[in-house]
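**Student:** Provided herewith is a single structure, encoded as structure tokens, for subsequent inquiry.
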Amino acid sequence: HSAGYALRFPRLVKFRDDKSVNEITTLDEVETMYGQG
């Protein structure tokens, strides 16, 4: 995949209907969290 990140063992614990699709964590934010942005 082109993002360079993958969830190793993804699990859906709870569906969050309190947030919209516009409030998801972006790839830029993930890169910043991991110090690669």
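Heads up, the sequence shown is in this note's numbering, so the first residue is 6 and it goes up one at a time. All C-beta atoms in this analysis are idealised placements derived from N, C-alpha and C, irrespective of residue type, glycine included.
1) Under 7 Å from any heavy atom of the ligand NAP, does the C-beta of Ala-8 make it?
2) Which first and last residues belong to the alpha helix (DSSP H) in which Asp-33 is found?
3) Between the C-alpha atoms of Thr-30 and Lys-24, what's the straight-line distance to the nearest angstrom?
4) Alpha carbon to alpha carbon, how far is Arg-54 from Glu-28?
**Tutor:** Looking at the coordinates:
1) Summarising the ligand content, the structure contains no ligands, and the ligand NAP is consequently not present.
2) That run of the alpha helix (DSSP H) goes 32-38.
3) Rounded to whole angstroms, Thr-30 to Lys-24 spans 11 Å at the Cα level.
4) Nothing in the structure corresponds to residue 54, since the chain is present only between 6 and 42.
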